[in-house]
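Numbering (our numbering), first residue to last: 93 to 417. Every residue gets a Cβ at the ideal spot worked out from N, C-alpha and C, and that includes glycine. The next block holds one structure in the form of C-alpha cells; read it before the comments.
Okay, structure coming up:
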C-alpha cells in the first residue's frame, strides 16, 4: 500500500477514530488509497510504522497527538537507531525514504504549529503541501531502572519541571482539552517541583546551572502551545537550547504570558544556546525527569544529537516560520 495511516484512537479524548472516518474520503481523494492501522498501546505506532516501511509504503500518516507523532518518527529508524528506507532496506539519501504526513489531534499538538498546520485546515493544507526534509533529534538517556535508552524526537525534548509536568498531564484524564490540560499540569508540577542543579554542555561550552526547565528544541512549541524556542529552525542542522533558570512558581507564572507568545528570551532568568551536541548531567541525587515530544521516558543524564535533514515531511510550508527559506 502506497499510503499507510498510523492512528491513535485514544487521542483527543477518543475523537480521532471519528475524525478519521469523516476525513478519510477527502484525504484519499488527494493522496490515493490509505490503509489505516489503529494503535492499541504504547509502542504500537513505532512497530506499525516499521512494518509499513518494510512493506514498501511511500507515505506514513501520523494521526494523533505529539506522542503518536513521536512514536511514528521512531519507526523511521531501526532498533539500532539507523534510518531505514522503503522496503526496510538501509536508507541512504533522505530522498530514498518514505515521507511523513502529520494530522493533528490529541492533547498537545505542538509540532504541527511549527509546520503551519492546524486541525481546522488540515484537508485544505494538502492542496498546498510541499515535501521537504527536516532535522531529527536523537536523545540517549537513563530510564528509571537505570538502563540506557535512545529515542528520536522531531519537536522538543526538555528536562526539569517540564518532565514532571508531562508526567502529570499524561496521567490525567485530559478531559479539559489540550491547552487546559497542560496548564493544569503545569500548575501542579510547578508547585511540587524543586529547582535542581545540572551540568550542561553545548558543543564546547560547559557550565553548572540551577534550573527550572531546559528545552532542547528542533521545533518552536511545547507544553500546549508555549513558544519556548521562537528562533528554532527545523532544517538548520542545529538544536536551540532555552534555559529557564532558578525561578520560583510566582516568577514562572509571571513569565508564562511572554513564553506563550515567544517574547521571553530577554527576561533575566532566560539563557539561550545553539549546538549540535548537548549533554546534561544531574549534580544532586534527585532524578531530573525528561520530556520527549510530550512523553516522559526517563531522566538525566542525557545526550542530544541532531540528525540533519533526516526525514521528509509533507506540510504547507508557506504558513510555517520554523524552516529556512
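Status (buried if at least 16 other CB within 10 Å, exposed otherwise) for residue i
i           : result
residue 306 : buried
residue 241 : exposed
residue 295 : exposed
residue 404 : buried
residue 371 : buried
residue 243 : buried
residue 135 : exposed
residue 194 : buried
residue 332 : buried
residue 102 : buried
residue 315 : buried
residue 196 : buried
residue 227 : buried
residue 328 : buried
residue 110 : exposed
residue 190 : buried
residue 202 : buried
residue 125 : exposed
residue 117 : exposed
residue 458 : It is not possible to answer for residue 458, since the shown part of the chain is limited to 93 through 417.
residue 159 : buried
residue 147 : exposed
residue 133 : exposed
Whole-angstrom distance between residue j and residue i, CA atom to CA atom
i           : j           : result
residue 177 : residue 143 : 11 angstroms
residue 164 : residue 138 : 5 angstroms
residue 123 : residue 350 : 39 angstroms
residue 225 : residue 286 : 39 angstroms
residue 151 : residue 283 : 43 angstroms
residue 388 : residue 250 : 10 angstroms
residue 229 : residue 368 : 9 angstroms
residue 311 : residue 261 : 20 angstroms
residue 348 : residue 279 : 11 angstroms
residue 232 : residue 360 : 30 angstroms
residue 145 : residue 114 : 26 angstroms
residue 121 : residue 340 : 52 angstroms
residue 344 : residue 221 : 37 angstroms
residue 93  : residue 254 : 39 angstroms
residue 172 : residue 166 : 11 angstroms
residue 408 : residue 169 : 25 angstroms
residue 298 : residue 207 : 32 angstroms
residue 411 : residue 217 : Note that residue 411 scores 48 on pLDDT, short of 50, meaning its location in the model is unreliable and no value can be drawn from it.
residue 235 : residue 323 : 30 angstroms
residue 293 : residue 330 : 14 angstroms
residue 308 : residue 325 : 12 angstroms
residue 402 : residue 188 : 11 angstroms
residue 304 : residue 106 : 33 angstroms
residue 400 : residue 259 : 29 angstroms
residue 223 : residue 192 : 9 angstroms
residue 219 : residue 119 : 10 angstroms
residue 214 : residue 248 : 22 angstroms
residue 174 : residue 342 : 44 angstroms
residue 335 : residue 384 : 16 angstroms
residue 112 : residue 252 : 36 angstroms
Residue i Cβ short of 8 angstroms to the ligand MN heavy atom set
i           : result
residue 389 : The ligand MN is absent from the structure shown, which contains no ligand whatsoever.
Distance between beta carbons of residue j and residue i, contact taken as under 8 angstroms
i           : j           : result
residue 386 : residue 156 : Actually they are not in contact, since the Cβ atoms of residue 386 and residue 156 sit about 11 angstroms apart, beyond 8 angstroms.
residue 100 : residue 131 : 5 angstroms
residue 289 : residue 301 : 7 angstroms
residue 161 : residue 246 : 6 angstroms
residue 257 : residue 281 : 4 angstroms
residue 366 : residue 337 : Wrong, their Cβ atoms sit about 18 angstroms apart, outside the cutoff.
residue 153 : residue 98  : 7 angstroms
residue 398 : residue 291 : Contact doesn't hold; Cβ gap of about 20 angstroms is too wide.
residue 95  : residue 149 : 7 angstroms
Minimum Cβ-Cβ distance from residue i to chain D less than 9 angstroms
i           : result
residue 308 : Reference to chain D is not applicable here, since this structure consists of a single protein chain.
Subject >> the stretch 365–382 in contact with the stretch 391–403 per 3-pair CB rule at 8 angstroms >> reply: Using a C-beta cut-off of 8 angstroms, the stretch 365–382 makes contact with the stretch 391–403, since at least three inter-stretch Cβ pairs fall below that distance.
Original post:
Does the stretch 348–357 come close enough to the stretch 307–321 to have 3 or more Cβ pairs within less than 8 angstroms?
Top reply: Counting Cβ pairs under 8 angstroms, three or more are found: they touch.
**OP:** Just list the alpha helix (DSSP H) runs in the stretch 221–307, keeping only unbroken ones of 4 residues or longer that don't cross its boundaries, in chain order.
**Re:** DSSP runs (the alpha helix (DSSP H)) wholly in the stretch 221–307: 253–262, 270–284.
Original post:
Going along the chain, which unbroken runs of the beta strand (DSSP E) with 3 or more residues stay wholly within the stretch 370–410?
Top reply: Within the stretch 370–410, the complete beta strand (DSSP E) segments of 3 residues or longer fall at 382–384, 391–407, listed in chain order.
**OP:** Just list the alpha helix (DSSP H) runs in the stretch 305–369, keeping only unbroken ones of 4 residues or longer that don't cross its boundaries, in chain order.
**Re:** If we require 4 residues or more, the alpha helix (DSSP H) runs fully inside the stretch 305–369 come out as 341–353.
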